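Protein chains: 2
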Amino acid sequence: MTTSRRPLKMADIAALASVSTSAVSLALNDRPGVSEATRQRILSIATELGWFPNAAARALVGARAGTVGLVLTRPARDIGIEPFYMSFIAGLEAALSVQRTGLLLQFAQDEQAELDTYRRWVAEQRVDGLVLLDLRVNDPRPGLVRDMAIPFVVIGDPRYAPGATAVWSDDGAAIAATVRRLVELGHRRLARVSEQTTMAHTTIRNRAFVEACTGLDLPSPFVVEAAPSAVGSRSATHQLLTGTTRPTAIVYDNNIMAVAGLGVAHELGLVVPDHVSLVAYDDSVLCESTHPALSAISHDVHSYGEHAGRLLLDVIDGVDSEPSLDSVPRLIERGSTGPLRAPDPTLAGR
Amino acid sequence: MTTSRRPLKMADIAALASVSTSAVSLALNDRPGVSEATRQRILSIATELGWFPNAAARALVGARAGTVGLVLTRPARDIGIEPFYMSFIAGLEAALSVQRTGLLLQFAQDEQAELDTYRRWVAEQRVDGLVLLDLRVNDPRPGLVRDMAIPFVVIGDPRYAPGATAVWSDDGAAIAATVRRLVELGHRRLARVSEQTTMAHTTIRNRAFVEACTGLDLPSPFVVEAAPSAVGSRSATHQLLTGTTRPTAIVYDNNIMAVAGLGVAHELGLVVPDHVSLVAYDDSVLCESTHPALSAISHDVHSYGEHAGRLLLDVIDGVDSEPSLDSVPRLIERGSTGPLRAPDPTLAGR
DNA sequence: TGTTGATACTCAAGCGTTTGAGTACTACGG
DNA sequence: CCGTAGTACTCAAACGCTTGAGTATCAACA
């Protein structure tokens with residue numbers, strides 16, 4: 001392993017192997033045209049010297065940037081603490097790195113900025129593909145990105161991105177199963193604290209939630225749309241838990257919202273799950289760390305990201321993929337859910 | 351804004367403006383050699399058409415990739431949920447995007463893989479600079495990266511990376527101030543649950559913690575080194591809170607560890623802060639969401655990342671920067687700290 | 001022995017920029 | 001009216017790689 005000041009180029013390898021740069025190129029890209037002996041000689045010299053092809057030169061001629069792009073569009077400064085994103089990104093990156101593909105990451109304030117970033121990346125030919133996260137209702141992004149003629153995958157329900165290669169999790173089924181389980185535990189007054197209904201997954205979950213409740217002849221459930229932050233969840237939860245007909249179980253839309261909701265329940269002197277059951281969406285060690293530990297509608301977000309990465313690489317390679325279901329999240333029951341046990345302290349006039 | 355299939359090139363702009371590509375280049379890079387009128391004409395055509403320079407071509411000749419790299423080396427799959435990282439990355443990216451610089455993100459299993467990634471990125475000339483996160487004791491990275499002759503900044507105390515451009519926060523001072531405050535509240539048996547002492551910041555904090563305690567004539571504090579995860583913190587906290595001489599205040603090394611510790615205290619039937627005070631390191635809405643809300647040694651991690659980004663861009667521009675103190679984190683007191691109020695239920699034999 | 005067809009290679013053009021050297025034009029002082 | 005200096009531009013080479021076209025060698029076969 002030599003550490004030289006001037007970066008090595010293919011010509012250096014070629015000179016040492018006494019062949020032309022073309023031969024080196026053929027050898028290193030596993031193409032026919034060089035003998036096995038020469039190929040091995042070139043390869044060993046290249047690895048010996050620690051040479052890697054200049055990414056820019058390769059991109060310029062080969063039209064492969066070796067990079068895919070991801071934009072996180074989140075208004076609040078601190079929404080990034082939602083564990084989902086980091087896990088997803090880690091999984092995505094794991095899949096990409098198998099094929100030596102880098103991940104370009106950008107944060108945007110709003111949809112306009114996000115689209116500007118896509119346009120710029122495509123114009124600069126910086127990326128070979130894009131990952132569209134947080135699919136929205138009537139999302140303009142799939143259409144616009146398709147017009148840019150760049151491979152992409154959508155993370156979200158294909159019904160909201162017709163014709164696009166999507167990887168999704170069946171949140172509706174997961175929500176329905178959760179409602180059934182809560183009813184089995186004896187709950188009848190259910191509630192949901194959701195993100196904004198502009199999100200496709202929120203709409204899907206909300207609809208599934210209401211349908212599951214009415215299908216089981218429950219009173220129609222509370223659905224509160226909150227700002228996608230801890231603060232939003234706090235006030236929504238407070239509102240629910242201090243209302244006249246208080247729900248006995250609340251299903252949240254992510255981890256942070258559930259943690260915040262748990263805090264509010266504690267503040268109000270309610271015991272979880274004796275007075276109220278709480279369920280988080282997505283799962284992480286955060287849910288395991290609270291007391292009581294949060295029951296969660298769980299799926300493997302890391303492998304969700306990996307799945308997305310593999311699919312995007314396929315699309316880049318020209319393999320046109322169908323929408324692909326990643327998983328049906330399952331309710332993992334921990335300490336925050338259970339049958340209603342104690343008398344209701346607030347309604348009893350504690 | 352025209353959306354064309356074939357990407358635009360400089361020659362297209364040149365043709366429309368009836369000038370040479372050289373003129374376009376000069377105009378777009380704000381260099382002398384074109385008249386103001388021509389410059390404006392070229393600029394307006396370029397923006398009209400939505401043209402951006404091909405990143406690869408520019409990198410090939412200009413030796414600027416327009417990208418900096420960051421590797422997250424974390425053994426556990428879920429440590430990424432620590433809010434610090436996402437906030438830091440968001441801040442970093444914000445600073446970079448001001449100068450149209452992208453952020454290449456990679457996760458690595460261990461130090462070896464991290465170094466391999468740096469070597470590859472440098473050899474491929476994919477990045478103009480590197481950010482070295484989580485400085486370790488006797489960290490080999492600054493030395494090796496310097497040998498690669500690529501600009502970099504270290505995030506961490508410059509004493510552990512002599513000669514490198516570093517941006518750091520004075521954790522020692524923050525810890526000392528926190529200890530003083532806890533003593534002011536009446537605490538005398540203090541403890542710390544820390545990450546591995548291979549981390550430079552952990553070593554610094556541990557030392558400052560012990561020194562502050564002995565300087566105030568306290569009994570020597572407990573310092574427990576835990577695996578950097580919620581699980582590690584749980585067992586460390588359990589050990590501390592069920593020991594014979596139980597600490598009355600515990601200072602953690604990050605957010606997740608503190609949340610996990612809070613959960614353990616709850617499980618043991620201890621009231622926070624009446625029986626034990628808890629302090630988190632770093633801060634995020636997560637700390638505000640628990641009950642009681644976690645007091646935290648707080649600094650603005652987002653702007654910490656921004657600071658690092660600006661500094662790295664300076665180094666890339668050849669401005670050799672001195673180590674730069676970002677901040678002295680300050681204890682934000684929330685509900686999890688206070689004077690010892692209740693009799694100790696465990697020691698009283700509840 | 002000459003033709004054919006592989007095989008193993010080399011040549012050189014080209015990808016879209018930047019940039020130092022070169023050129024045409026204008027203005028101005030002497 | 002010439003020389004000079006500046007301004008506004010163009011030319012062409014270069015960056016490091018890929019790739020289609022070309023060439024040399026050699027075995028097989030008629």
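Going down the list, the protein sequences come from chains S and G.
FYI, our numbering numbers position 336 of the first sequence as 336, with every residue one higher than the one before it.
FYI, our numbering numbers position 38 of the second sequence as 388, with every residue one higher than the one before it.
Just so you know, even glycine gets a beta-carbon here, dropped at the ideal spot from N, CA and C.
Owing to the predicted nature of the structure, the values given are computational and were not obtained by experimental measurement.
Nearest candidate by alpha-carbon position, reference residue i, set the options
i                : options                                : result
Arg234 (chain S) : S:Ser194, S:Glu184, S:Leu185, S:Ala95  : S:Ser194
Asn723 (chain G) : G:Thr547, G:Ile500, G:Ile525, G:Pro623 : Beyond the ends of chain G as shown, which are 351 and 700, falls residue 723 (chain G); an answer cannot be given.
Arg136 (chain S) : S:Asp110, S:Ser303, S:Glu124, S:Arg334 : S:Asp110
Gly102 (chain S) : S:Ala113, S:Ala59, S:Asp134, S:Arg192  : S:Ala59
Trp168 (chain S) : S:Ser336, S:Gly309, S:Arg100           : S:Gly309
Ala258 (chain S) : S:Cys287, S:Thr242, S:Asp274           : S:Cys287
Ile666 (chain G) : G:His641, G:Phe559, G:Val481, G:Asp632 : G:Val481
His537 (chain G) : G:Arg450, G:Leu628, G:Val448, G:Ala473 : G:Leu628
Thr640 (chain G) : G:Arg684, G:Leu661, G:His625           : G:Arg684
Ile363 (chain S) : S:Ala149, S:Ala166, S:Val145           : Any answer about residue 363 (chain S) is impossible in this case: the structure gives chain S only from 1 up to 350.
Arg539 (chain G) : G:Val626, G:Gly613, G:Gly479           : G:Val626
Val183 (chain S) : S:Arg192, S:Gly163, S:Cys213           : S:Cys213
Leu262 (chain S) : S:Leu331, S:Arg41, S:Thr237            : S:Thr237
Pro490 (chain G) : G:Leu535, G:Gln462, G:Glu474           : G:Gln462
Tyr304 (chain S) : S:Glu225, S:Arg181, S:Leu325           : S:Leu325
Phe457 (chain G) : S:Ala94, S:Arg119, S:Val98             : S:Ala94
Ala473 (chain G) : S:Pro247, S:Glu114, S:Asn54            : S:Asn54
Ser181 (chain S) : S:Gly129, S:Phe152, S:Phe52, S:Ile332  : The sequence shown places Arg at residue 181 (chain S), not Ser. The candidate whose alpha carbon is nearest that of Arg181 (chain S) is S:Ile332.
Arg120 (chain S) : G:Asp484, G:Asp478, G:Gly400, G:Val529 : G:Gly400
Gly582 (chain G) : G:Ala610, G:Pro492, G:Val635           : G:Ala610
Ala230 (chain S) : G:Glu561, G:Val635, G:Pro597           : G:Val635
Asp116 (chain S) : S:Val224, S:Asp128, S:Leu144, S:Leu26  : S:Leu144
Leu16 (chain S)  : S:Arg126, S:Pro228, S:Ile42, S:Thr178  : S:Ile42
Gly66 (chain S)  : S:Val98, S:Ala46, S:Val328, S:Arg74    : S:Val98
Residue i, buried or exposed, once every other Cβ within 10 Å from all chains shown has been counted against 16
i                : result
Met1 (chain S)   : Caution is warranted here: a pLDDT of 43 is assigned to Met1 (chain S), below 50, making its placement in the model unreliable, and the coordinate value is therefore given only provisionally. Exposed.
Val319 (chain S) : exposed
Asp567 (chain G) : exposed
Asp253 (chain S) : buried
Pro339 (chain S) : exposed
Ser354 (chain G) : At Ser354 (chain G), the pLDDT of 49 sits below 50, so the modelled position is not reliable; the number obtained from the coordinates is stated separately. So Ser354 (chain G) counts as exposed.
Ala379 (chain S) : Because chain S in this structure spans residues 1 to 350, residue 379 (chain S) falls outside the shown range and cannot be described.
Arg450 (chain G) : exposed
Thr337 (chain S) : buried
Asn605 (chain G) : buried
Glu656 (chain G) : buried
Val503 (chain G) : buried
Gln390 (chain G) : exposed
Thr178 (chain S) : buried
Glu398 (chain G) : exposed
Val477 (chain G) : buried
Neighbour list for residue i in chain G, Cβ cutoff strictly below 7 Å
i                : result
His266 (chain S) : His641
Phe152 (chain S) : Near Phe152 (chain S) there are no residues of chain G at all, since even the closest Cβ is about 15 Å away, more than 7 Å.
Ser25 (chain S)  : Those do not exist, as Ser25 (chain S) stays about 15 Å from chain G at its closest Cβ, beyond 7 Å.
Ala59 (chain S)  : Ala406
Per-residue contacts from residue i into chain G (C-beta, under 9 Å)
i                : result
Gly29 (chain S)  : In the sequence on display, residue 29 (chain S) carries Asn and not Gly. Simply none; closest approach about 15 Å.
Ala227 (chain S) : Result: empty, since nearest Cβ-Cβ is about 12 Å, beyond 9 Å.
Ala256 (chain S) : The amino acid at residue 256 (chain S) is misidentified as Ala; the sequence shows Ile. Chain G residues near Ile256 (chain S): Val635, Leu636, Ser639.
Partner residues on chain S for residue i, Cβ-Cβ distance less than 9 Å
i                : result
Met549 (chain G) : Under the 9 Å cutoff, chain S gives no residues; its nearest Cβ is about 19 Å from Met549 (chain G).
Any non-hydrogen atom of the ligand SAH within 8 Å of residue i CB
i                : result
Val622 (chain G) : Absent from the structure shown: the ligand SAH. Ligands present: none.
Neighbouring residues, chain S, relative to residue i (Cβ below 7 Å)
i                : result
Glu474 (chain G) : Phe52, Pro53, Asn54, Ala55
Ser544 (chain G) : Neighbours of Ser544 (chain G) on chain S: none; closest Cβ ~17 Å, over 7 Å.
Neighbour list for residue i in chain S, Cβ cutoff strictly below 8 Å
i                : result
Ala444 (chain G) : Phe107
Tyr435 (chain G) : Met86
Ala415 (chain G) : Ala55, Ala56
Within chain G, the residues that residue i reaches when beta carbons sit closer than 8 Å
i                : result
Leu241 (chain S) : None at all; the shortest Cβ gap to chain G is about 13 Å.
Leu16 (chain S)  : Result: empty, since nearest Cβ-Cβ is about 16 Å, beyond 8 Å.
Practice item. Report yes or no: do three or more beta-carbon pairs, one from the region 258 to 272 of chain S and one from the region 68 to 75 of chain S, lie closer than 8 Å? Key: no
Exercise for review: Tell me, please, whether the region 549 to 568 of chain G touches the region 514 to 534 of chain G by the rule of three or more beta-carbon pairs shorter than 8 Å.
Suggested key: yes
Exercise for review: Pair every Cβ in the region 588 to 601 of chain G with every Cβ in the region 629 to 649 of chain G, then say whether three or more of these pairs are closer than 8 Å.
Suggested key: yes
Review point. Counting pairs of Cβ atoms below 8 Å between the region 498 to 513 of chain G and the region 564 to 580 of chain G, do you hit three or more?
Key: no
Exercise for review: Compile a chain-ordered list of the residues in the region 617 to 651 of chain G whose CB is closer than 9 Å to at least one CB of chain S.
Suggested key: Glu617, Ser634, Val635, Leu636, Glu638, Ser639, Thr640, His641, Pro642, Ala643
Check your understanding: How about the region 433 to 443 of chain G and the region 372 to 390 of chain G: do they share at least three Cβ pairs that are nearer than 8 Å?
Key -> no
Check your understanding: For the region 298 to 326 of chain S, which residues have a CB atom closer than 9 Å to at least one CB atom of chain G, in sequence order?
Key -> His302
**Study point:** Interface residues of the region 469 to 494 of chain G facing chain S [CB-CB below 7 Å]
**Key:** Arg469, Arg470, Ala473, Glu474, Gln475, Arg476
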